[in-house]
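Undergrad: Pasting in a structure now, in structure tokens, and then I'll have a few things to ask.
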Amino acid sequence: MRPKQPKAEPQEDLFRARLENLVDPRHALVRLAGLIDWGRFEAEFGALYTDGGRPGLPTRLMVGLHLLKHMDGLSDEAVCARYLDSPYLQLFCGETHFQHALPLDRSSMTRWRQRIGPERLEVLLAESVAAAQRGGAVEERHLRRVTIDTTVQPKAVTHPTDSKLLHRGIEILARLARRHGIRLRQSYLRVARRARREAARLIHAGRRRQAERHVRRLRTWLGRLARDISRKIAGKAAVQAALAAPLGLVARLLRQRREDRGRDKLYSLHAPEVECIGKGKANARYEFGVKVSLATTNAAAPGGQFVLGARALPGNPYDGHTLAAQIAQTERVIGVEVERAYVDRGYRGHDADRARVFVSGQKRGVTPTIRRERRRRSAIEPVIDHLKSDGHLGRNFLLGTEGDAANLVLAAAGHNLRLLRAWLAWLLAWLLSLLSLSEQPQTGNMSRHAVA
1 MRPKQPKAEP QEDLFRARLE NLVDPRHALV RLAGLIDWGR FEAEFGALYT
51 DGGRPGLPTR LMVGLHLLKH MDGLSDEAVC ARYLDSPYLQ LFCGETHFQH
101 ALPLDRSSMT RWRQRIGPER LEVLLAESVA AAQRGGAVEE RHLRRVTIDT
151 TVQPKAVTHP TDSKLLHRGI EILARLARRH GIRLRQSYLR VARRARREAA
201 RLIHAGRRRQ AERHVRRLRT WLGRLARDIS RKIAGKAAVQ AALAAPLGLV
251 ARLLRQRRED RGRDKLYSLH APEVECIGKG KANARYEFGV KVSLATTNAA
301 APGGQFVLGA RALPGNPYDG HTLAAQIAQT ERVIGVEVER AYVDRGYRGH
351 DADRARVFVS GQKRGVTPTI RRERRRRSAI EPVIDHLKSD GHLGRNFLLG
401 TEGDAANLVL AAAGHNLRLL RAWLAWLLAW LLSLLSLSEQ PQTGNMSRHA
451 VA
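Every letter in the sequence shown is one number past the one before it in UniProt numbering, and letter 270, counting from 1, is 270.
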């Protein structure tokens, strides 16, 4: 059913005070809520609901909670707990009176993200840029010249080793067998736990050959367990359908070897979409997640450097083959045409219009203005660091490839609103300082003039 609409309440209530009378109207979050066009989300997401069934949660409530979550780098549980403590958060989410009970369950945020999908969540990113324009933090001329780069969005997985993966496979199969009432010859849980611990200890001590013995044992036990389960569920269609995906992942794990390469290699059983990506970093040779592409403003806008586009790139494609799609998404988000795009040398041989893309080190067609703007290309690196340290780009907890794309778009929108909130707070402080200076008495200056 369609989301609930706010009830028409009387202007005054004898027992409750309105939130607008409790909060400071000069607060940055209150002013930020006034800059966002909340009706835009109702129009975009309304087609996803039907007229029958249980009423959905208010769209402004769900959008507001997700924006607040990614502005401050919180979890679903933490943002729901903070919602009950702060009248400013409740006002931002569309409440008129202070609420003492949470109007939703934490799992509702997960289901709402899955219902909307990563493609429609781009509306949140587009509205964050539009709100920054309304607030004066960025101008249209700043949107026409962008910087584009790629990075890795790590997944919330442990560092993959053969012993960890094989032990995890034994745990998963034993748990599923117990859940479906399958009587095993042996679960191998106790001996597998000891073998994994011994393998890690021997690897740490530099005794790789002895550690490989324990890894081979784990592989043997996992194969026995998988074959035992497959024999005992033969002819049971319901159980076979329930265990088809886990047994398929275990079969992939048993087939793979250390020297294997490509997308078929498994690095996590609960997140099989994870890829191993090497970006040449000194502190992390390899990262496990998905490659993502980001587009930011090139010029230093008054409010900072805003994110204008964000795309997940499963399959670890070559950077140059993703540039045209990234520019198209950026133009779709900001609503204007990109005049110039600045990229690093990893984009050589790209698939975009060469007349408006400038690669680092390029000599032909470079004017002094373009050279000056190209020097700001490296300013995208601090933006990526802030997305990872202040937002959720540094560790993605959402499930599947759609979770990768949704987390990236929401992290980009949260970064923009974080900049806009700081801009509004600074603007208020600047205006108050000007006001205080204008109200100061001028008697001291007049006496000096008189003496002169």
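Where is the CB? At the ideal position from N, CA and C, for every residue including glycine.
Just to confirm before moving on: does the CB-CB distance between LYS155 and MET109 stay below 9 Å?
TA: The residue you call residue 155 lines up with position 155 of the sequence shown. The residue you call residue 109 lines up with position 109 of the sequence shown. Not in contact: LYS155 and MET109 (Cβ atoms no closer than 9 Å).
Undergrad: Would you check if the distance between the CB atom of GLU381 and the CB atom of ALA299 is smaller than 9 Å?
TA: By 1-based counting over the sequence shown, the position of residue 381 is 381. By 1-based counting over the sequence shown, the position of residue 299 is 299. In this structure, ALA299 does not lie closer than 9 Å to GLU381 by Cβ.
Undergrad: Within this structure, are the beta carbons of LEU249 and LEU225 separated by less than 9 Å?
TA: Translated into positions along the sequence shown, residue 249 becomes position 249. Translated into positions along the sequence shown, residue 225 becomes position 225. For LEU249 and LEU225, no; Cβs fall outside 9 Å.
Undergrad: So, under 8 Å CB-CB, PRO302 and GLY136 are touching, yes? Tell me the CB distance rounded to an integer number of Å.
TA: Walking along the sequence shown from the start, residue 302 turns up at place 302. Walking along the sequence shown from the start, residue 136 turns up at place 136. That pair is a contact at about 7 Å.
Undergrad: When you compare the segment 335-346 with the segment 169-176, are there three or more beta-carbon pairs, one atom per stretch, that lie closer than 8 Å?
TA: They do not touch, by the three-pair rule.
Undergrad: Enumerated in chain order, which unbroken segments of the alpha helix (DSSP H) with a length of 4 residues or greater are wholly contained in the UniProt domain "Transposase InsH N-terminal" (18-115)?
TA: If we require 4 residues or more, the alpha helix (DSSP H) runs fully inside the UniProt domain "Transposase InsH N-terminal" (18-115) come out as 19-22, 28-35, 39-45, 59-72, 76-85 and 87-92.
Undergrad: Could you give the first and the last residue of the continuous beta strand (DSSP E) run that contains SER293?
TA: Reading the sequence shown from its first residue, position 293 is the one you call residue 293. Here the beta strand (DSSP E) through SER293 covers 287-297.
Undergrad: List the endpoints of the continuous alpha helix (DSSP H) containing ALA245.
TA: Within the sequence shown, residue 245 is the residue found at index 245, counting from 1. Its alpha helix (DSSP H) spans residues 237-255.
Undergrad: Helix, strand or coil for ILE148, going by three-state DSSP, please let me know.
TA: Locating residue 148 in the sequence shown gives position 148, counting from the first residue. Strand, per DSSP.
Undergrad: Please report how far the alpha carbon of GLU259 lies from the alpha carbon of ASN396, in whole angstroms.
TA: Here residue 259 corresponds to residue number 259 of the sequence shown, with the count starting at 1. Here residue 396 corresponds to residue number 396 of the sequence shown, with the count starting at 1. Taking the straight line from one Cα to the other gives about 27 Å.
Undergrad: Determine the extent of the beta strand (DSSP E) in which ARG340 is found, giving its start and end residues.
TA: As a first step, residue 340 is located in the sequence shown; it is residue number 340 there, counting from the start. Element bounds for ARG340: 340-343.
Undergrad: Give every residue of the same chain whose Cβ lies closer than 6 Å to the Cβ of GLU287, excluding the five residues on either side of it in the sequence, and list them in chain order.
TA: In the sequence shown, residue 287 corresponds to position 287, counting from 1. Here the set comprises VAL152, PRO154 and ILE277.
Undergrad: Nearest CA to the CA of SER389: which residue from LEU29, LEU74 and GLY34?
TA: Residue 389 sits at position 389 when you count from the first residue of the sequence shown. Checked all of LEU29, LEU74 and GLY34; the closest Cα to SER389 is LEU74.
Undergrad: Which value, in whole angstroms, describes the spacing of the CA atoms of PRO52 and GLY117?
TA: In the sequence shown, counting from the first residue as 1, residue 52 sits at position 52. In the sequence shown, counting from the first residue as 1, residue 117 sits at position 117. The identity of residue 52 in the sequence shown is Gly, whereas the question assumes Pro. So the two alpha carbons sit approximately 21 Å from each other.
Undergrad: Taking all protein chains shown into account, do 16 or more other C-beta atoms lie within 10 angstroms of the C-beta of ARG196, making it buried, or fewer, making it exposed?
TA: As a position in the sequence shown, residue 196 is number 196, starting the count at 1. Burial call: buried.
Undergrad: Give me the residue from ALA78, HIS66, LEU89 and PHE15 with the minimum Cα distance to HIS27.
TA: Here residue 27 refers to the residue found at position 27 of the sequence shown. Out of ALA78, HIS66, LEU89 and PHE15, LEU89 has the C-alpha closest to the C-alpha of HIS27.
Undergrad: Thinking just about the alpha-carbon of each residue, which of LEU269, ALA43, ARG201 and ASP24 is nearest to the one in THR158?
TA: Stepping through the sequence shown from its first residue, residue 158 is reached at position 158. Of LEU269, ALA43, ARG201 and ASP24, the residue nearest in Cα terms is LEU269.
Undergrad: Give the list of continuous alpha helix (DSSP H) stretches no shorter than 4 residues that lie fully inside the segment 127-215.
TA: As far as the segment 127-215 is concerned, its whole alpha helix (DSSP H) runs of at least 4 residues are 140-143, 162-179 and 189-204.
Undergrad: LEU313 bridges to which residues according to DSSP?
TA: Reading the sequence shown from its first residue, position 313 is the one you call residue 313. Paired residue(s): LYS291.
Undergrad: Rounded to a whole number of angstroms, what is the C-alpha to C-alpha distance between ALA47 and TYR347?
TA: On the sequence shown, position 47 is the one that residue 47 refers to. On the sequence shown, position 347 is the one that residue 347 refers to. The straight-line gap from Cα to Cα measures roughly 38 Å.
Undergrad: Grab me the residues of GLU198's own chain with a C-beta within less than 6 Å of its C-beta, minus the 5 sequence neighbours each way, in chain order.
TA: Residue numbering aside, residue 198 sits at position 198 when the sequence shown is read from its first letter. HIS214, listed in sequence order.
Undergrad: Spell out a yes or no on whether the segment 25-39 and the segment 126-143 are touching, meaning 3 or more CB-CB pairs, one atom from each, closer than 8 Å.
TA: The segment 25-39, when compared against the segment 126-143, does touch it at the 8 Å Cβ threshold.
Undergrad: Taking residue 469 as part of the beta strand (DSSP E), name the residues at either end of that continuous run.
TA: This structure does not reach residue 469, given that the chain is present from 1 up to 452, and the question cannot be answered.
Undergrad: Assuming THR96 and ARG145 make a contact with CB atoms under 8 Å, what is their CB distance in whole Å?
TA: Here residue 96 refers to the residue found at position 96 when the sequence shown is read from its first residue. Here residue 145 refers to the residue found at position 145 when the sequence shown is read from its first residue. Incorrect: roughly 42 Å between the Cβ atoms, too far for contact.
Undergrad: Identify the continuous beta strand (DSSP E) that holds VAL357 and give its terminal residues.
TA: Stepping through the sequence shown from its first residue, residue 357 is reached at position 357. 357-359 is the extent of the beta strand (DSSP E) around VAL357.
Undergrad: By DSSP, does ASN283 sit in helix, in strand, or in coil?
TA: The residue you call residue 283 lines up with position 283 of the sequence shown. Coil, per DSSP.
Undergrad: Checking the sheet assignment: what are the DSSP bridge partners for PRO3?
TA: As a working mapping, residue 3 is identified with position 3 in the sequence shown. Answer is GLY56, bridged to PRO3.
Undergrad: So the alpha helix (DSSP H) GLN326 belongs to, where does it begin and stop?
TA: Sequence index remark: in the sequence shown, residue 326 carries index 326 (1-based). First-last of the alpha helix (DSSP H) with GLN326: 323-334.
Undergrad: Am I right that ALA310 and LEU125 are in contact with their C-beta atoms under 8 Å? What's the rounded C-beta distance?
TA: Working through the sequence shown from its first residue, we reach residue 310 at position 310. Working through the sequence shown from its first residue, we reach residue 125 at position 125. Yes, ALA310 and LEU125 are in contact; Cβ-Cβ is about 7 Å, under 8 Å.
Undergrad: Could you give the C-beta distance for VAL290 and PRO314, rounded to a whole number, given that I count them as a contact under 8 Å?
TA: The sequence position of residue 290 within the sequence shown is 290, counting from 1. The sequence position of residue 314 within the sequence shown is 314, counting from 1. The Cβ separation is near 6 Å, so the contact holds.
Undergrad: From this set, ILE334, LEU323, LYS363 and ALA328, which residue's C-alpha is nearest GLY349's C-alpha?
TA: One-based indexing of the sequence shown puts residue 349 at position 349. Nearest C-alpha to GLY349: LEU323.
Undergrad: Would DSSP call ALA301 helix, strand or coil?
TA: Position 301 of the sequence shown, counted from the first residue, corresponds to residue 301. Of the three classes helix, strand and coil, the one that applies to ALA301 here is strand, per DSSP.
Undergrad: Excluding the 5 residues flanking ALA33 on each side, which residues of the same chain have their C-beta closer than 6 Å to its C-beta?
TA: Sequence index remark: in the sequence shown, residue 33 carries index 33 (1-based). Counting only Cβ-Cβ distances below 6 Å, and skipping sequence neighbours, we find PHE92.
Undergrad: Considering ASP385, what are the terminal residues of the alpha helix (DSSP H) in which it resides?
TA: As a working note, residue 385 is residue 385 in the sequence shown. Counting along the chain, the alpha helix (DSSP H) containing ASP385 begins and ends at 380-389.
Undergrad: If you drop the 5 nearest sequence neighbours on each side, which residues of the same chain put their C-beta closer than 7 Å to that of GLN240?
TA: By 1-based counting over the sequence shown, the position of residue 240 is 240. Result list for GLN240: ILE233, in chain order.
Undergrad: Could you work out which residue in HIS66, GLU339 and LEU420 is closest to VAL409 when comparing CA atoms only?
TA: The residue given as residue 409 occupies position 409 in the sequence shown. Answer by Cα proximity: HIS66.
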